[in-house]
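S.K.:
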Amino acid sequence: MVLTKKHTAGSSLDKATYLKIKAERQQAFLESKNAKEDFCFKCHRLQKYCLCPLIKPFETKMKFVILMHPMEAKKEKQGTGRICLATLKNSHMIMGVDFTENEEVNALINDPNNSCFTMYPGERSLNVSEHDVAPLNKLLDENKTIILFLIDGTWPCAKKMMRESKNIQSLPRISFTATHTSIFEIKEQPADYCLSTLESIHFFIQECNRRGVENTAKAEDNLIDVFKAMIKFQMDCALDPNRSSYKRGSKLGYSKKEDRVKAKKWLTKSRSVILPDRK
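Letter by letter, the sequence shown follows residues 1 to 279 of the UniProt record's numbering.
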């Protein structure tokens with residue numbers, strides 16, 4: 001920083017004092033410019049905003065393969081999909097939109113040691129909350145690796161990904177019956193049955209535990225603990241006037257669910273957020 005005539009006009013400082021103050025200010029400027037805050041390379045956040053210390057990874061019998069939309073992968077530094085990847089030891093992420101010709105996806109599908117499903121609602125899906133889960137236990141007893149593909153993106157993007165990915169669309173579907181609505185209050189869901197990727201995985205594992213397919217001893221609850229911390233962080237950002245995400249005039253940092261107006265496209269009965277089963 002350089003002192004100008006404006007700063008020294010009318011000043012009674014002698015030359016030595018002036019030069020000392022100038023040097024101190026220049027040094028302070030250089031220190032602030034070169035200061036680097038600790039950075040977490042796992043979640044791509046500053047350490048002071050990092051949620052990684054809260055994550056407690058655990059094993060599952062089934063393998064979760066998260067098909068992440070590029071927009072979700074690049075813009076969400078620590079979205080629900082990434083939290084799941086960090087928490088589930090037996091998980092993997094593949095980025096893309098149309099996976100029909102994706103070599104990695106097709107290798108998993110074509111491997112005779114695997115039995116692949118798409119976690120997606122459908123009239124003919126195997127519902128782990130209500131249907132007979134004996135086929136899943138039989139596959140595990142036969143040492144088959146159950147691969148569960150999940151689509152991670154906004155609901156419109158997820159529907160497009162499902163429609164374009166013929167290989168994923170043709171797999172048998174697996175689902176559950178949710179008994180609660182999403183706790184992701186700062187984000188609007190197109191329907192009450194719509195859950196985030198993290199909430200879907202959490203509830204699915206809970207149901208698999210209840211039906212005897214998995215045995216994680218409630219380790220999956222850590223997903224929700226980290227999720228709540230993420231929501232709190234986002235709310236704090238929305239209430240901080242020094243951040244670009246500041247929501248002026250909002251006492252909560254987000255609008256109340258009852259005050260929101262759903263997009264007209266999801267209110268049309270002829271349009272569903274879910275892609276129907278292939279006939």
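Just so it is clear, CB atoms sit at the ideal spot from N, CA and C, and this is done for glycine as well.
Short check: CB of Thr197 to CB of Met71, under 9 Å?
M.R.: Sequence index remark: in the sequence shown, residue 197 carries index 197 (1-based). Sequence index remark: in the sequence shown, residue 71 carries index 71 (1-based). Against a cut-off of 9 Å, the Cβ pair of Met71 and Thr197 comes out as no contact.
S.K.: So, using beta-carbon positions, are Glu220 and Ile205 closer together than 9 Å?
M.R.: Taking the sequence shown and counting its residues from 1, the one referred to as residue 220 is at position 220. Taking the sequence shown and counting its residues from 1, the one referred to as residue 205 is at position 205. Going by C-beta atoms, Glu220 is nearer than 9 Å to Ile205.
S.K.: List the residues that DSSP assigns as beta-bridge partners of Thr118.
M.R.: Position 118 of the sequence shown, counted from the first residue, corresponds to residue 118. DSSP lists Phe149 and Arg173 as partners of Thr118.
S.K.: How big is the Cα-Cα spacing for Asn114 and Lys144?
M.R.: Mapped onto the sequence shown, residue 114 falls at position 114. Mapped onto the sequence shown, residue 144 falls at position 144. Cα-Cα distance, rounded: 5 Å.
S.K.: Tell me whether Gly212 is buried or exposed, calling it buried when 16 or more other Cβ atoms sit within 10 Å of its Cβ.
M.R.: By one-based count along the sequence shown, residue 212 stands at place 212. So Gly212 counts as exposed.
S.K.: Can you give me the Cβ contacts of Lys56 inside the same chain, cut-off strictly under 8 Å, excluding the 5 residues immediately before and after it?
M.R.: Sequence index remark: in the sequence shown, residue 56 carries index 56 (1-based). Around Lys56: Thr87, Ala219 and Asn222.
S.K.: Suppose you measure from the CA of Ile274 to the CA of Ala134; what does that come to, to the nearest Å?
M.R.: As a first step, residue 274 is located in the sequence shown; it is residue number 274 there, counting from the start. As a first step, residue 134 is located in the sequence shown; it is residue number 134 there, counting from the start. Each residue's Cα considered, the two are about 27 Å apart.
S.K.: Should the region 82 to 98 be called in touch with the region 46 to 56, which here means at least 3 C-beta pairs below 8 Å?
M.R.: As far as the Cβ criterion goes, the region 82 to 98 touches the region 46 to 56, which means the pair count is three or higher.
S.K.: Thinking C-alpha only, which one of Lys232, Asn215, Asp236 and Ala229 is nearest Thr60?
M.R.: Position 60 of the sequence shown, counted from the start, is the residue given in the question as residue 60. Comparing Cα-Cα distances from Thr60 to each of Lys232, Asn215, Asp236 and Ala229, the minimum goes to Asn215.
S.K.: List the DSSP bridge partners of Leu126.
M.R.: Working through the sequence shown from its first residue, we reach residue 126 at position 126. BP columns for Leu126 point to Ile174.
S.K.: What's the call for Tyr193, buried or exposed, on a 16-neighbour Cβ count within 10 Å?
M.R.: Translated into the one-based positions of the sequence shown, residue 193 becomes position 193. Exposed is the call here.
S.K.: For Met68, report the span of its beta strand (DSSP E) as first-last.
M.R.: Here residue 68 corresponds to residue number 68 of the sequence shown, with the count starting at 1. Run containing Met68: Lys63 to Met68, per the beta strand (DSSP E) assignment.
S.K.: Less than 9 Å between the C-beta atoms of Ala229 and Phe203, yes or no?
M.R.: As a working mapping, residue 229 is identified with position 229 in the sequence shown. As a working mapping, residue 203 is identified with position 203 in the sequence shown. Going by C-beta atoms, Ala229 is not nearer than 9 Å to Phe203.
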